[in-house]
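This report refers to the structure that appears directly beneath it.
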Amino acid sequence: MFKYRLLTPGPTPVPEDTLLELARPVPHHRTPEARQILAEVVSGLQYVFQTRNDVLPLTCSGTGAMEAALVHAAPRGAKAICLVAGKFGERWHKLWQAFGVESVAVTVPPGEVVTPEQLEQALRAHPDAVAVCAVHSETSTGVKHDLAALGALVARTEAVFIVDAVSSAGALELRMDDWHIDFLATGSQKALMLPPGLAFVAVSEKGWRAVNRHQPPVFYFDLRKAREKIRENDTPFTPAHTLLRALRKSLQRIRAEGIENIWQRHRRIAQACRAAVQALGLELFARVPAEGLTAVKVPAQVDGQELLRRLEKEYGVKLAGGQDQLKGKIFRIAHMGYIDFFDVLAAIAAIELVLRDMGFPVTLGAGLAAAQKSYASA
Ligand code: PLP
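Per numbering that gives the first Met the number 0, residue 0 is the first one in the sequence shown, and the count goes up by one each step.
Structure, rendered in structure tokens:
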């Protein structure tokens, strides 16, 4: 018997006290207590995003928040720039196309990041672009974009900066206000330590000015309505208030540890995980890795899908594979949110055992020792 260990970059494990909130009876949602919860959740998320801007909770997954942000940011017929380093950058591009916005994709090969120089060039070539979209932690390849540098470039223009922080908020250093982010979209099932079902959009003053320049084609995801209501600690429609109540617990946990300590903890575990993987003779996939996950190249002589199947079936360790064209070529070990250093050690131990059984030459314990040494010296 092995415990099931979920080390995927979403969903992620949820702490016990947060889970217990979900087991409590369902109250009504238009009550003083529900308003209090909403107020605490908004303030907790402002802390996580490092912003004083409006934070609007939505009942949907992360993509819903991306769509809500984007449809408010630019009208049909406008032009936007998308920084595409993987599947989620591509999602911005596809969303724009679905809403009749001309999207200029600045695309880099998987494993690479879009650099500030590339964005500068795109802004020069497309001065009429009204928005720039980026993904902070590109979960499909494990890379991290330099939002501070990208945001500073966008801030010099009239365009708004729209960021997918789905797998970064609560794990990676993220400073919405300092980094000039105008729309920030995220979801509940990653480093916020909650099951799937909630998503959030935060909007800056510059962002609201862009919204007010047109009539966004929305009803349910109308962020202007959501803003009016949130000022009374309320929502326009029935919220997933049991999830919000549970989120309050996870946010209390985040406040107790301190967001900067949390960023540091993620850095430390990420470094240890990368050291382990390299000590096993495996290659990292991301050139600039995000701290919430480690993407690893599957060695040529190993069947990547079989590796994942065995890890789960034989040791209860659930990792993620590659998506789309990266299927079978990489695997991804998540270390975000409630996944701790010892969960990562368990995953490394299982990887060593399975690789050995699959005929890949590993010295048992080499990855574990490297991880521990890195962790101890950080
Ligand atoms: N963006 C990133 C970076 C993600 O990792 C994900 C989820 O995997 C999404 C967007 C999409 O979120 P959801 O699946 O919650 O709609």
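Note that CB positions come from ideal geometry on N, CA and C, so glycine has one too.
Treat the numbers as computed from the prediction; the structure is a model and nothing was measured.
Exercise. Residues in its own chain within less than 7 angstroms of MET175 by CB, not counting five upstream and five downstream?
Worked result: Here residue 175 refers to the residue found at position 176 when the sequence shown is read from its first residue. Correct list, in chain order: PHE48, GLN49, THR50, ASN52, LEU183 and ALA201.
Exercise. Using CA coordinates, which residue listed in PRO109, ALA72, VAL100 and ALA104 is at the minimum distance from GLY85?
Worked result: On the sequence shown, position 86 is the one that residue 85 refers to. Comparing Cα-Cα distances from GLY85 to each of PRO109, ALA72, VAL100 and ALA104, the minimum goes to PRO109.
Problem set entry | Residue interval of the alpha helix (DSSP H) (run including THR17) | The count along the sequence shown starts at 1 and reaches residue 17 at position 18. Run containing THR17: 15-22, per the alpha helix (DSSP H) assignment.
For this session: Please go through the same chain and pick out, in chain order, the residues whose beta-carbon is closer than 8 angstroms to the beta-carbon of VAL295, but skip the five residues on each side of it.
Result: The residue given as residue 295 occupies position 296 in the sequence shown. Cβ within range, chain order: VAL276, LEU281, GLU282, LEU283, PHE284, ILE329, PHE330, ARG331 and ILE332.
Exercise. Residue ranges of each beta strand (DSSP E) run of no fewer than 3 residues wholly in the segment 155-217, ordered along the chain?
Worked result: 159-163, 182-186 and 198-202
Exercise. Using DSSP with H/G/I as helix, E/B as strand and the rest coil, what is ALA299?
Worked result: Along the sequence shown, read from residue 1 onward, the residue named residue 299 stands at position 300. Three-state result, ALA299: coil.
Problem set entry | Nearest to GLU157 (by Cα), restricted to the options PRO14, PRO194, ALA369 and ALA72 | By 1-based counting over the sequence shown, the position of residue 157 is 158. Here the closest residue by C-alpha is ALA72.
Exercise. At which residues does the beta strand (DSSP E) containing ILE229 begin and terminate?
Worked result: One-based indexing of the sequence shown puts residue 229 at position 230. Run containing ILE229: none in the beta strand (DSSP E); it sits in the alpha helix (DSSP H), 222-229.
For this session: Specify the secondary structure class of PHE330 as computed by DSSP and reduced to three states.
Result: Your numbering for residue 330 matches position 331 in the sequence shown. Three-state result, PHE330: strand.
For this session: Output the residues surrounding the ligand PLP, defined as those with a CB atom closer than 5 angstroms to any ligand heavy atom, in chain order.
Result: GLY9, SER60, GLY61, THR62, PHE87, THR138, ASP163, VAL165, SER166 and GLY186
Exercise. Cα separation between LEU292 and ARG208?
Worked result: Residue numbering aside, residue 292 sits at position 293 when the sequence shown is read from its first letter. Residue numbering aside, residue 208 sits at position 209 when the sequence shown is read from its first letter. Cα-Cα distance, rounded: 35 angstroms.
Problem set entry | Contact belief for VAL343 with ALA370 at Cβ below 8 angstroms, rounded distance in angstroms | Start at 1 with the first residue of the sequence shown, and residue 343 comes out as number 344. Start at 1 with the first residue of the sequence shown, and residue 370 comes out as number 371. Indeed they touch by this definition, with Cβ atoms about 7 angstroms apart.
For this session: Report yes if the CB atom of SER249 is closer than 8 angstroms to the CB atom of PRO12, and no otherwise.
Result: Residue 249 sits at position 250 when you count from the first residue of the sequence shown. Residue 12 sits at position 13 when you count from the first residue of the sequence shown. No, these two residues do not count as a Cβ contact at 8 angstroms.
For this session: Inspect the beta-carbon positions of ALA239 and LEU197 and report whether they are closer than 8 angstroms.
Result: The sequence position of residue 239 within the sequence shown is 240, counting from 1. The sequence position of residue 197 within the sequence shown is 198, counting from 1. Contact flag set, yes.
For this session: Confirm, please, whether the CB-CB distance from GLU111 to LYS78 is below 8 angstroms.
Result: Within the sequence shown, numbered from 1, the residue matching residue 78 stands at position 79. Within the sequence shown, numbered from 1, the residue matching residue 111 stands at position 112. For LYS78 and GLU111, no; Cβs fall outside 8 angstroms.
For this session: Quick one: residues in its chain with C-beta nearer than 6 angstroms to the C-beta of ALA278, no 5 flanking neighbours on either side, listed in chain order?
Result: In the sequence shown, residue 278 corresponds to position 279, counting from 1. For ALA278, where only same-chain residues beyond five positions count, the Cβ hits under 6 angstroms are ALA365, GLY366 and ALA369.
Problem set entry | ILE253 in three-state terms, based on DSSP | Position 254 of the sequence shown holds residue 253. ILE253: helix per DSSP, three-state reduction.
Exercise. Residues in its own chain within less than 8 angstroms of ARG286 by CB, not counting five upstream and five downstream?
Worked result: Indexing the sequence shown from 1 puts residue 286 at position 287. Closer than 8 angstroms at the Cβ level, and outside the excluded window around ARG286, lie GLY110, GLU111, VAL112 and VAL142.
Exercise. Which runs of the beta strand (DSSP E) spanning at least 3 residues fall entirely within the segment 87-133, listed in chain order?
Worked result: 101-106
Problem set entry | Contact set for ARG29: own chain, Cβ-Cβ below 8 angstroms, skip 5 residues either direction | Here residue 29 refers to the residue found at position 30 when the sequence shown is read from its first residue. Taken in chain order, the residues that qualify are ASP233.
Exercise. With DSSP run on the structure shown, which of helix, strand or coil describes ILE338?
Worked result: Taking the first residue of the sequence shown as position 1, residue 338 is located at position 339. ILE338 falls in the coil class under three-state DSSP.
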